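**Student:**
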Amino acid sequence: MSEAELLELHGDEWSLVIERLPKGGFAWRHLGERLEPGSLPAARDLIGATTFSIDEPQPLPVFPLHGSGWFGPSILSLLAKDARALDPEFTSFEAVSSGDCIELRFGDDREKLSCSLRFSKLASGLTIETAIRNEGRDQVVVSSLASAFLPVFANANRIISWRGRHAAEFEECVENLPAHGWHRTTHGGLTGHGGPPACQILAGECGWHSGLAFSAQLAWSGDSRLAIEKHDEGMWLLTAEASISNGEVRLEPGESYHSPTLLVAISGAGRNGVAAQQHSMVRAIAEYPAGEMRPRPVHLNSWEACYFAHDEARIKALASAAAVIGVERFVLDDGWFKGRDNDRAGLGDWKPDPRKYPAGLAPIAEHVRSLGMEFGLWVEPEMVNPDSDLYRAHPDWALTTRGTPGPTARSQLVLDMRQPAVRDYLFEELDTLLSSAPISYLKWDHNRAHAPSGGSAQVRGTYALLARIREAHPDVEIESCAAGGGRIDAGIVRHVHRFWTSDNIDAIARIPMQRGFLAFFPSEMMGAHIGASPSHATGRSQSLGFRAAVACQGHFGIELDPAELDPSERDDLDQWVSFYKRWRGLAHGGQTLLGEGPNGLTWQAQGNGREYILWIMRTDVSHQRRDAQLPLPFAAGQDWQVRLLDLVGGDHVLAARSGKAIDAMRETPLTFSGSWLARAGLPLPALNAEGVAIFHLEAA
Ligand code: DGJ
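So the sequence shown is residues 892 to 1591, counted in the working numbering.
Below, the structure is given as structure tokens:
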């Protein structure tokens, strides 16, 4: 019997243990909750060979390839130049390990290929990347290279993933672990409205606050494939990869291909535990101007206030109305550039429309700045309308199949971001714009799927353009938008600072969407606006307070014309702007904890361990006269002073009245023990449909 030679990497909550096999290669020994492996027998001494299969015991490989006695999914698929399948057989193995990283290297002397698999600690999570390099003399075609191949907990029982469409992002889907396979695949050329390429896997009784949870998100803005397959030995195996189009990645001698990074979280503290690790990694990747996130400014975005119908006078008036209620960043949305009176023309011609803005954008930007606000501008650089000067001059710059541009969607075509000339043109246009006026923010939109596909190189072309803009204008922040939330992922997060979550601002629709967003991204990046009532997306009407309470959970903004509100509503809006400014320091940058109560309640706490702002929400009518007390598991361990900051939706005719002690909590905080709040629960005010109670908790 021999002792295993182990490689270990540990986070605060997780451990990864890999064995270097005596005959070469590396095998999985553990990916799960934190542990100290001590000394272990070698894997091949623990498992026997299975009947009627490979005679040697087969420990679970970390970099599995077909053709080697492995009958599960392969991490890599290659073709030689003559279209012959190329199955590497690794002959050399190396492990380089430091405190924060393990890199495994694999070499094939005959086919002249080298591969690497890198595990690194990032903030409180784990990142995984793979790469392949052609060391030979002939071209090699990479058909697929997964970012990771991972064993799933043996007692896992649920997969949570998200799907969506325009104006209905992040629909949560809960499925059992499969008998055969589970796949989440996207084909639109960009991330899609189901959110990032990501899933959570839950074991046993895992819930929001406790139990073993795993989550992974691929840092990638293009087509992707997540797969969980059941192996005939009984375990589930996860692979995650960016899709590669047929023949797209051809490695010439000396060239490499790098997979996008997979961000992995493992926690015994349930879904909130893995979300916290994902937030920590996303924050570590994000690059804010001057290296630090400033308090997230209150936005006013012109889109739903005026759509395409604006000119200098209209926008100046809207900006003035915004400034009066305390807006800090004014964003001029679609409709400002040449020929853009509707969505059928103009994309590609990034010059102010002389009919609407005869003196360009500088007078608007200066007006906005003189009112004490920043000025931001909407662009959609990767697109072109056939009715544009750009398309008339360069029809060959759109993605084409056999020379014919693909079908239009929203009357537009996708530019071929793989072409350096296209990227150069867009850089020049955006650079000129940003230099022409004090513009410190871009809302970068992308309003259609790709047809034909530009493959993964299209995505890398967009990343290159964004990086160039950020380098030339490091003080400019960027918002990622794609017909609402169609490009929310950790791949683009290196270049952007905010996501537009959805074109659906209806607060009832927003609550589950925002919870999906928060599974992977922190609240300060979640664009959340108060829209008009009735909602432009759903036609439903909701009180201003309800809309505002839900919007305050993210990076708050306004998507209506304050001048069109009646004076009392405008005062309310003014107060919500002040409310957000008062509490954003607590709501952003720290933890976000989600939970559910009985009787249809959901809740959300944002804070730092010693202080929280807590939203308790009811969307529909309660069929009970009263709510039971609401247990808050995060409160255990210390006493809390609890204050009621606001009660939204409690002012209609049939509203139930809260108890005196709860009303008094508006003025004087009540002290509760942590164990009372965690186990017996917080007494609740009367909450009816579309009601939100907002509390402040501070360690006593
Ligand atoms: C889609 C976005 O989601 C909207 O907010 C708006 O910017 C429009 N595009 C403009 O065309």
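Ideal placement from N, C-alpha and C gives every residue a C-beta, glycine not left out.
Just so you know, these numbers come straight off a predicted model, no measurement behind them.
Whole-angstrom Cβ separation of W1099 and L1485, contact assumed at under 8 Å?
**Tutor:** About 6 Å; that satisfies the 8 Å criterion.
**Student:** Which term fits A940, buried or exposed, when burial requires 16 or more other beta carbons within 10 angstroms of its beta carbon?
**Tutor:** So A940 ends up on the exposed side.
**Student:** Note the first and the last residue of the continuous alpha helix (DSSP H) segment covering W1467.
**Tutor:** Counting along the chain, the alpha helix (DSSP H) containing W1467 begins and ends at P1458 to A1478.
**Student:** Taking 7 Å as the cut-off, is the C-beta of C1197 nearer than that to any heavy atom in the ligand DGJ?
**Tutor:** No, since every heavy atom of the ligand DGJ falls outside the 7 Å radius drawn around the Cβ of C1197.
**Student:** Let me check understanding here. Comparing Cα to Cα, which of A1156, G1079, E1143 and S1007 lies closest to G923?
**Tutor:** Out of A1156, G1079, E1143 and S1007, A1156 has the C-alpha closest to the C-alpha of G923.
**Student:** Find the nearest neighbour of R1220 within the set G1263, K1247 and Y1248, judged by alpha-carbon distance.
**Tutor:** For R1220, the nearest C-alpha among the options comes from G1263.
**Student:** From the DSSP output, in three-state form, read off R1351 for me.
**Tutor:** Here R1351 sits in helix by DSSP.
**Student:** Cβ-heavy atom distance between G1375 and the ligand GTP below 7 Å?
**Tutor:** Here the bound small molecules are the ligand DGJ; the ligand GTP is not part of this structure.
**Student:** So, at 7 Å on beta carbons, what are the nonlocal neighbours of E1020 in its own chain, with the 5 sequence-adjacent residues on each side left out?
**Tutor:** Here the set comprises R1009, S1038, H1149, S1150 and T1152.
**Student:** Assuming A1107 and A1133 make a contact with CB atoms under 8 Å, what is their CB distance in whole Å?
**Tutor:** With 8 Å as the limit, A1107 and A1133 do not qualify as a contact, their Cβ atoms being about 13 Å apart.
**Student:** Run the proximity test for D1225: is its beta-carbon closer than 7 Å to any non-hydrogen atom belonging to the ligand DGJ?
**Tutor:** Yes, since a heavy atom of the ligand DGJ falls inside the 7 Å radius drawn around the Cβ of D1225.
**Student:** Report the residue from E980, Q1349, A1355 and Q1091 whose alpha carbon sits nearest the alpha carbon of W1073.
**Tutor:** Checking every option, the nearest Cα to that of W1073 belongs to Q1091.
**Student:** Hey, out of Y1471, R1174, R1141 and A1284, whose CA is closest to L1028's CA?
**Tutor:** For clarity, residue 1028 is Arg in the given sequence; the question names Leu instead. Comparing Cα positions, the closest option is R1141.
**Student:** First and last residue of the beta strand (DSSP E) that includes V1270?
**Tutor:** It spans E1265 to V1270 - the beta strand (DSSP E) in which V1270 sits, taken as one unbroken run.
**Student:** What are the start and end residues of the alpha helix (DSSP H) that includes T1323?
**Tutor:** Segment P1311 to S1327, the alpha helix (DSSP H) holding T1323.
**Student:** Going by DSSP in three states, H1285 sits in which element: helix, strand or coil?
**Tutor:** Here H1285 sits in coil by DSSP.
**Student:** Do the segment 1345–1352 and the segment 1043–1061 make contact, defined as three or more Cβ pairs closer than 8 Å?
**Tutor:** Output reads no: the segment 1043–1061 does not touch the segment 1345–1352.
**Student:** Please state the DSSP three-state secondary structure of E924.
**Tutor:** Looking at E924 - three-state DSSP - the assignment turns out to be strand.
**Student:** Let me know the secondary structure DSSP gives C1443 once reduced to three states.
**Tutor:** In this structure, C1443 counts as coil in the three-state DSSP scheme.
**Student:** Is any heavy atom of the ligand DGJ found at a distance shorter than 7 Å from the C-beta of D946?
**Tutor:** No, since every heavy atom of the ligand DGJ falls outside the 7 Å radius drawn around the Cβ of D946.
**Student:** Do you know offhand how far S1101's Cα is from R1049's?
**Tutor:** Roughly 15 Å separates the two Cα atoms.
**Student:** Less than 8 Å between the CB atoms is what I'm expecting for P1272 and L1356, so what's the real figure, rounded?
**Tutor:** Indeed they touch by this definition, with Cβ atoms about 7 Å apart.
**Student:** May I ask whether a heavy atom of the ligand DGJ can be found less than 7 Å away from the beta carbon of W1567?
**Tutor:** Not so, every heavy atom of the ligand DGJ lies at least 7 Å from the Cβ.
**Student:** What's the C-alpha gap between A1428 and F943?
**Tutor:** Looking at the two C-alpha atoms, the distance is approximately 60 Å.
**Student:** Keeping to the same chain, check which residues put their C-beta closer than 6 Å to that of G915; ignore five residues upstream and five downstream.
**Tutor:** Within the same chain, G915 has close Cβ partners F984.
**Student:** Pick helix, strand or coil for C1197, following the three-state DSSP scheme.
**Tutor:** Of the three classes helix, strand and coil, the one that applies to C1197 here is helix, per DSSP.
**Student:** Jot down the residue ranges of each uninterrupted beta strand (DSSP E) in the segment 1206–1272, minimum 3 residues, whole runs only, in chain order.
**Tutor:** Within the segment 1206–1272, the complete beta strand (DSSP E) runs of at least 3 residues are 1220–1223 and 1265–1270.
**Student:** Quickly, what does DSSP pair L1109 with across the bridge? List them, please.
**Tutor:** Per DSSP, L1153.
**Student:** Just checking E1269 against the ligand DGJ - is the residue's beta carbon closer than 7 Å to any of the ligand's heavy atoms?
**Tutor:** A small fix is needed here, since residue 1269 is Trp in this sequence, not Glu. Yes, the beta carbon of W1269 sits closer than 7 Å to at least one heavy atom of the ligand DGJ.
**Student:** Name the two residues that bound the continuous alpha helix (DSSP H) containing R1548.
**Tutor:** Counting along the chain, R1548 falls outside any alpha helix (DSSP H), and DSSP gives it neither H nor E.
**Student:** So E1060 packs on H1084, CB below 8 Å; how close in whole Å?
**Tutor:** Correct: roughly 5 Å between the Cβ atoms.
**Student:** Does the Cβ of D1336 lie closer than 7 Å to at least one heavy atom of the ligand DGJ?
**Tutor:** Indeed, a heavy atom of the ligand DGJ lies less than 7 Å from the Cβ.
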